[in-house]
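*Asks:*
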Amino acid sequence: MQRRQQYLIGGLIAAVVLWLGGSWVNSAVLGPIQDKRDLLARLTKSVSDKEDQQLYLQRSKKLLRGWQARSFPPDLVKTRQRPDALNAQRLYLEWLTDLAQLSGFEDLKITPDRRTPKGNVYVAFAVKIEADARFEQLISFFDRFYQADLLHRVTSLRVISKESEGDPFFQVTLEAEGLALLAAPQRRTLFAQTKLAEDLSDDATTLKVGKVEDFPKEPGFRVRLKNEYLTVTEIADPVEGVTAWTVERGVDRTTASDYSKETLVELTPLNAAVPSRTTKEFEQLLDANIFVKPAQRQTYKLKLGPLGEKLHTRGSRPFEFTIVATSYDNSKGKPEFTLAGTPLPGLQLDKTTGKLNWKPSESQLANKYLVKIEVKHPSATDGKLTETLTIVLRDPNTPPKFAVKEPPPVIIGRVWKFAPEVSDAESPVTKLTWKLDEGSPAGLTVEATTGELNWTPEDSIPVGEALAKLTVTDDGMPAQSTSLELRLDVQDDLALFTKFTGFFAKDDDRRVIFTDQSRGKQSLFRVGDSFTVADVKGTIALIASKYLIFTSGDELLRLDLGQSLREATVQPNETPDATQPANAGSP
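Right, here's the structure in full:
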């Protein structure tokens, strides 16, 4: 056998021996080492799993704390009582109402819906909203809805648009759902609240509030005053329980307004995961309105309807006037009306409708008053427009008053004139207007500007009482009238039938005889005696044998024997002959 073959046979035998004894060597020598390695790997994996679990648990606890902070407050649960969130649903309904109104929803109807508990973990509750809203108002609502740091969501939304052009109103129906974790802390309000410590004007940048224990200690947070959002940029140290905040006004497309002391200030926590949109980004959303055809954006400039001068008469009814705003973009909400400067005592202005209401007190002097109106809207230059309204306050207009004055008798066939005396506290007599009412005698007229009555009654007018009805009206606001009934004594013309029929004298006693031929009646008069026959009034001045002289007013009249009083003639104004007898006496 050759040496080379011997080597090959020896190598083969060694390989067989190693193969047959390798498992024993591996088990006896290398096995324990491998077991230790496997145990170390298992322990290392177990430690890693425990660390991952602990990290996950820490993250879960942190997430749970965040959820609890964003959770609505659950109702206090008593033993064996079913978990509920009735108070949380009420707070959510109030918050959604404020948000919908702030966003400009109209015909708003909000109702509570179901409440569903999930074991001892949470209670889900729903609120249903029905309203009319334009696209911008709807987008504003959702933008602010999701910015709020709350455990809530919109579970359903239905939008109906009946128009495809312009900026129509939508019929909106949505359901929002909130979550109240039973482990969340109890609280009476949804967010922290405080009140203004003093009045705040629309241009002020510092507001003072009362207690702030529940508010953030560092600036940068947002608060809400009614329909305005403000960002707190600086916080001053409190002084006697009052803290001053420096704020940025009218953020998130809201408008700065005036607020009175004690106005509620509410914290508005923002969800860090939802960024705030810039004005440009928001306009891009508006341009993406899928409900209408694209249209060119209009340019608006707010205007007010005619104001001018408004008259108001003091009385039982208050002064009312509605200011009308036009040429504004109603997709940005309605204008807000406020009184600027020092308002009139008692003057009220509805900030949403622009309706003025004023009932002046008795101490308010009748005068002209200037009322400055300020209207705020994004369509106005610099966000607001100021104009002035003039209110003229007048005392109540009283009707004219007649003075008691007896009219003279009316003589058939003779011109009769009479001017009633009247006065008016507010209007000059020359501004009064007169008219005769129905039922006045035929032929009677009245001068419309002076009130003088004129009448020449014809023979057909019956003798006796005639009723004249007239009305006088002033030029006040409103005009006032007074009516007067005059009872006129219509008489025959007795002066036409009364004649100088004779005289007689006894010694120095001379008397004249007047005979009323219509009635067959005689009257005797001496010098110095006065008489009245129809509208003729006179005093006997001289008695001669065939004539007599009598005075009537400033005139001297001569009446010859046989003449009627109507036939008397005017004489030169000379003193009668004093040598003629003039004795007193009467038959």
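According to our numbering, the sequence shown holds residues -8 to 578 in order. No residue lacks a Cβ here, since even glycine has one placed at the ideal position from N, Cα and C. These figures come from a predicted structure and were not determined experimentally.
Would you kindly report the start and end of the unbroken beta strand (DSSP E) that includes Thr489?
*Replies:* Thr489 to Lys497
*Asks:* Assess contact between the segment 167 to 182 and the segment 105 to 124, defined as three or more Cβ pairs (one per stretch) separated by less than 8 angstroms. Is contact present?
*Replies:* yes
*Asks:* Give the single residue among Asp205, Leu191, Arg149 and Val454 whose Cα lies nearest to the Cα of Val238.
*Replies:* Leu191
*Asks:* Could you say if the segment 359 to 372 and the segment 321 to 332 meet the contact criterion of at least three C-beta pairs nearer than 8 angstroms?
*Replies:* yes
*Asks:* Quick one: any contact between the segment 188 to 206 and the segment 79 to 95, if contact means 3 or more CB pairs under 8 angstroms?
*Replies:* no
*Asks:* From Val518, Ser543, Glu438 and Val401, pick the residue whose C-alpha is nearest to that of Gln482; which is it?
*Replies:* Comparing Cα-Cα distances from Gln482 to each of Val518, Ser543, Glu438 and Val401, the minimum goes to Val401.
*Asks:* Ile24 by DSSP, collapsed to three states: which one?
*Replies:* helix
*Asks:* Taking only runs that begin and end inside the segment 337 to 372, name each unbroken beta strand (DSSP E) of 3 or more residues, in chain order.
*Replies:* List check, beta strand (DSSP E) in window: 346 to 349 and 359 to 367.
*Asks:* By a C-beta neighbour count over all protein chains shown, 10 Å radius and 16 as the cutoff for buried, is Asp415 buried or exposed?
*Replies:* Buried, by the Cβ-count rule.
*Asks:* Would you say the segment 238 to 255 touches the segment 206 to 223, given that touching needs at least three Cβ pairs under 8 angstroms?
*Replies:* As far as the Cβ criterion goes, the segment 238 to 255 touches the segment 206 to 223, which means the pair count is three or higher.
*Asks:* Taking DSSP as the reference, what is the three-state secondary structure of Asn445?
*Replies:* In the structure shown, Asn445 sits in a strand (DSSP, three-state: E or B).
*Asks:* By a C-beta neighbour count over all protein chains shown, 10 Å radius and 16 as the cutoff for buried, is Gln128 buried or exposed?
*Replies:* By the 10 Å Cβ count, Gln128 comes out buried.
*Asks:* Do three or more CB pairs link the segment 380 to 394 to the segment 431 to 447 at distances below 8 angstroms?
*Replies:* no
*Asks:* Roughly how many whole angstroms lie between the Cα atoms of Asp320 and Phe273?
*Replies:* Looking at the two C-alpha atoms, the distance is approximately 16 angstroms.
*Asks:* I need the DSSP call for Gln44, collapsed to helix, strand or coil.
*Replies:* helix
*Asks:* Which residues in the same chain as Ala410 place their Cβ atom closer than 8 angstroms to its Cβ, once the five residues preceding and following it in sequence are excluded?
*Replies:* Thr441, Gly442, Glu443 and Leu444
*Asks:* With DSSP as the reference, label Lys323 as helix, strand or coil.
*Replies:* helix
*Asks:* If you draw a straight line from the alpha carbon of Leu458 to that of Gly467, how long is it in whole angstroms?
*Replies:* 28 angstroms
*Asks:* Leaving out five residues before and five after Leu99 in sequence, what residues of the same chain have Cβ atoms less than 8 angstroms from its Cβ?
*Replies:* Thr88, Ala91, Gln92, Ile120, Glu121 and Ala122
*Asks:* Identify the continuous alpha helix (DSSP H) that holds Leu539 and give its terminal residues.
*Replies:* First-last for Leu539: Tyr538 to Ser543, but that is the beta strand (DSSP E), not the alpha helix (DSSP H).
*Asks:* Let me check one thing: in DSSP terms, what residues is Ala316 bridge-paired to?
*Replies:* Beta-bridge analysis with DSSP links Ala316 to Leu295.
*Asks:* Check the C-beta distance from Val145 over to Ala167 and give it rounded, since I have them as a contact under 8 angstroms.
*Replies:* 5 angstroms
*Asks:* Of the residues Ser536, Gly519, Lys460 and Pro469, which one's Cα is nearest the Cα of Lys497?
*Replies:* Ser536
*Asks:* Quick check on the burial criterion: 16 or more other C-beta atoms within 10 angstroms. Buried or exposed for Phe212?
*Replies:* buried
*Asks:* Compare the C-alpha of Pro398 against each of Ser555, Arg305 and Glu456 and name the closest.
*Replies:* Glu456
*Asks:* What does a CB cutoff of less than 8 angstroms around Val454 pick up in its chain, not counting 5 residues either side in sequence?
*Replies:* Ile403, Val481, Gln482 and Asp483
*Asks:* Quick one, are the C-beta atoms of Glu300 and Asn348 less than 8 angstroms apart?
*Replies:* Taking a C-beta distance under 8 angstroms as the contact criterion, Glu300 and Asn348 do not qualify as a contact pair.
*Asks:* So if DSSP puts Asp123 in a beta bridge, which residue, or which two residues, is it bridged to?
*Replies:* Glu97 and Gln162
*Asks:* Taking DSSP as the reference, what is the three-state secondary structure of Val395?
*Replies:* The three-state secondary structure of Val395, taken from DSSP, is coil.
*Asks:* Can you give the Cα-Cα distance for Leu547 and Arg557, rounded to whole angstroms?
*Replies:* Those two C-alpha atoms are separated by around 14 angstroms.
*Asks:* For Ser474, which residues from the same chain have a beta carbon less than 6 angstroms from its beta carbon, with the 5 sequence-adjacent residues on both sides left out?
*Replies:* Thr462
*Asks:* Rounding to the nearest angstrom, what Cα-Cα distance links Pro229 and Lys186 in this structure?
*Replies:* Rounded to the nearest angstrom, the two C-alpha atoms are 14 angstroms apart.
*Asks:* Using the C-alpha atoms, what's the distance from Arg61 back to His303?
*Replies:* Using only the alpha carbons, I get a separation of about 56 angstroms.
*Asks:* Can you give me the Cβ contacts of Glu257 inside the same chain, cut-off strictly under 7 angstroms, excluding the 5 residues immediately before and after it?
*Replies:* Phe182, Gln184, Val214 and Arg215
*Asks:* Compute the Euclidean distance between the alpha carbons of Gln562 and Thr523, then round it to the nearest angstrom.
*Replies:* 20 angstroms
*Asks:* Using the three-state DSSP reduction, which class does Val203 fall into: helix, strand or coil?
*Replies:* coil
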